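Engineer: Residue numbers (my numbering): 1 to 192. Every residue, glycine too, gets a C-beta built ideally from N, C-alpha and C. Predicted, not measured: the structure shown is a model, and the values here were computed from it. This is the structure, below, for whatever I ask next.
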């Protein structure tokens, strides 16, 4: 369960449809570009992006993923994502409260962006394990998180990535660390 309630995020997205300036901030656009550039393939058959927020990253992933499942636990965020992703037939949106509602099936790509620190440590550990188990052989998991402390959150971005490192069976093949964010990608090339 989140350390923040869904009503907190609903209110935040109601007050500002782009609360983290995903569309206008150079930092956010650059970070999104680095996530996309880190992917080892140009196309993926299936993908999952939990905590999709207003759908900005989802819109760019949609051009590279044949079947993309995007979720959030904020109904306001999902409404914004539905508008942003309207007309993209390869994208499905649903409400998930993680970790309890992690989707069935396996994915070739899982994108965990700016999510882990909003969860209780035990719930984040569960999500890390489910993500690792949900990757198809040769699948890719990419994670990107803010590194500074966040009010009300018990985990930092670095701690979030330490949990992921323990859950994955291989070392990260991409690790990009800056003062503000940490991006890591796990990809078992031998299984691809």
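Go ahead and label residue 77 buried or exposed: buried means 16 or more other beta carbons lie within 10 angstroms of its beta carbon, across all protein chains shown.
Structural biologist: Residue 77 should be labelled buried.
Engineer: What does the alpha-carbon distance come out to for the pair residue 193 and residue 141?
Structural biologist: Since the first and last residues shown for the chain are 1 and 192, residue 193 lies out of range.
Engineer: Below 6 Å CB to CB, which residues in the same chain sit around residue 108 once its five sequence neighbours on both sides are set aside?
Structural biologist: Answer for residue 108: 44, 45, 46, 136, 139, listed in chain order.
Engineer: Would you please state the rounded distance, in angstroms, between the beta carbons of residue 158 and residue 147? I believe it to be under 8 Å.
Structural biologist: The Cβ separation is near 6 Å, so the contact holds.
Engineer: Helix, strand or coil for residue 82? Go by DSSP, reduced to three states.
Structural biologist: The answer is helix: DSSP assigns residue 82 an H, G or I state.
Engineer: What three-state label does DSSP hand residue 7 in the structure shown?
Structural biologist: Helix.
Engineer: Assign residue 151 to one of two classes, buried (16 or more other C-beta atoms within 10 Å of its C-beta) or exposed (fewer than that).
Structural biologist: Exposed, since its Cβ has fewer than 16 Cβ neighbours within 10 Å.
Engineer: By Cβ distance below 6 Å, which residues in the same chain neighbour residue 110 in space, the five residues on each side in sequence not counted?
Structural biologist: The answer, listed in chain order, is 48, 131, 141.
Engineer: Give me, in chain order, the residues of the same chain whose beta-carbon lies closer than 7 Å to that of residue 30; leave out the 5 immediate sequence neighbours on both sides.
Structural biologist: Correct list: empty, nothing qualifies.
Engineer: Does DSSP put residue 147 in a helix, in a strand, or in coil?
Structural biologist: It is coil, neither helix nor strand.
Engineer: The beta strand (DSSP E) spanning residue 186 covers which residue range?
Structural biologist: Counting along the chain, the beta strand (DSSP E) containing residue 186 begins and ends at 181 to 187.
Engineer: Please give the ranges of any beta strand (DSSP E) in the region 104 to 133, keeping only runs that are unbroken, at least 3 residues long and fully inside the region.
Structural biologist: Counting whole runs of 3 or more residues, the region 104 to 133 contains the beta strand (DSSP E) stretches 107 to 113.
Engineer: Between 129, 99, 105, which has its C-alpha nearest residue 118's C-alpha?
Structural biologist: Residue 99 is the option with its Cα nearest to residue 118.
Engineer: Helix, strand or coil for residue 58? Go by DSSP, reduced to three states.
Structural biologist: The answer is helix: DSSP assigns residue 58 an H, G or I state.
Engineer: Which residue's Cα is closest to the Cα of residue 80: 63, 124, 51?
Structural biologist: Per the Cα distances, 51.
Engineer: With a CB to CB cut of under 6 Å and the five nearest residues on each side skipped, what residues in its chain are close to residue 88?
Structural biologist: 62.
Engineer: Answer yes or no: do residue 143 and residue 160 have a C-beta to C-beta separation smaller than 9 Å?
Structural biologist: Yes, the pair counts as a contact, with Cβ atoms nearer than the cut-off.
Engineer: Would DSSP call residue 49 helix, strand or coil?
Structural biologist: In the structure shown, residue 49 sits in a strand (DSSP, three-state: E or B).
Engineer: Going by C-alpha distance, which of 83, 90, 169, 94 is nearest residue 128?
Structural biologist: Checking every option, the nearest Cα to that of residue 128 belongs to 169.
Engineer: List the whole-angstrom C-beta distance separating residue 94 from residue 69, where the pair is believed to meet the contact cut-off of C-beta under 8 Å.
Structural biologist: Between residue 69 and residue 94 the Cβ distance is about 7 Å, and since that is below 8 Å, they are a contact.
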